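**Q** Numbering (this note's numbering), first residue to last: 21 to 182.
Backbone N, C-alpha and C define an ideal beta-carbon position, used for all residues, glycine too.
From a predicted model like this one, the values you see are computed outputs, not experimental measurements.
Shown below is the structure under consideration.
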Ligand code: FES
Ligand code: FES
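See below:
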């Protein structure tokens with residue numbers, strides 16, 4: 021079947037089979053290789069995308085489920101101010117990573133801040149379990165997300181005052 025969707029802000033369409041997963045559609049058809057399809061069972065978080073604003077592991081979502089929906093991958097998210105806040109928050113907190121799952125962590129943090137602009141450390145750790153990371157200290161990630169929260173709040177405050 022052919023499905024249409026909005027992908028990173030653009031109207032696109034593609035042929036999919038019932039067995040295809042969203043991660044494969046994004047990587048193989050649209051060449052969005054910022055996401056990986058590693059565990060293919062919803063555990064590693066390397067394939068996170070926003071599907072109609074909800075953070076989901078695209079490896080367990082059938083491709084046809086994106087029909088008529090909006091999908092944002094890291095390539096699209098990286099163009100947003102929300103992404104810039106989180107990325108800068110990680111830098112503020114001095115988080116250094118091996119890079120393996122950094123983009124997934126940024127998407128997970130951004131999704132949390134959208135829902136909970138002032139999250140607690142516990143909420144941060146719960147959320148970040150959707151993008152498990154082997155190389156970064158959890159305390160550093162909490163600091164990074166809190167720093168991103170501050171940046172986001174300052175940006176929105178400045179905008180409200182304009
Ligand atoms: S590939 Fe691991 S959660 Fe999707
Ligand atoms: S950034 Fe290194 S494992 Fe997550």
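1) Using only alpha-carbon positions, find the residue among 157, 129, 153, 35 that is nearest to residue 144.
2) Which residues have their C-beta within less than 7 Å of a heavy atom of ligand 2, listed in chain order?
3) Would you kindly report the start and end of the unbroken alpha helix (DSSP H) that includes residue 161?
4) Note down, one range per segment and in chain order, each beta strand (DSSP E) of at least 3 residues found wholly within the region 38–121.
5) Taking the alpha carbon of residue 150 as the point to measure from, which residue in 93, 35, 69, 49 has its own alpha carbon closest?
6) Compute the distance between the beta-carbons of residue 16 and residue 152, then report whether it is under 9 Å.
7) CA-CA distance, residue 47 and residue 31?
8) Excluding the 5 residues flanking residue 86 on each side, which residues of the same chain have their C-beta closer than 6 Å to its C-beta?
9) Looking at ligand 1, does it come within less than 8 Å of residue 65, judged from the CB to the closest heavy atom?
**A** The relevant details are as follows:
1) 129
2) 117, 118, 119, 120, 121, 122, 125, 153, 154, 155, 156
3) 158–180
4) 68–71, 74–77, 90–92
5) 69
6) Outside the displayed span of the chain (21 to 182) sits residue 16, for which this structure offers no information.
7) 17 Å
8) 25, 42
9) yes
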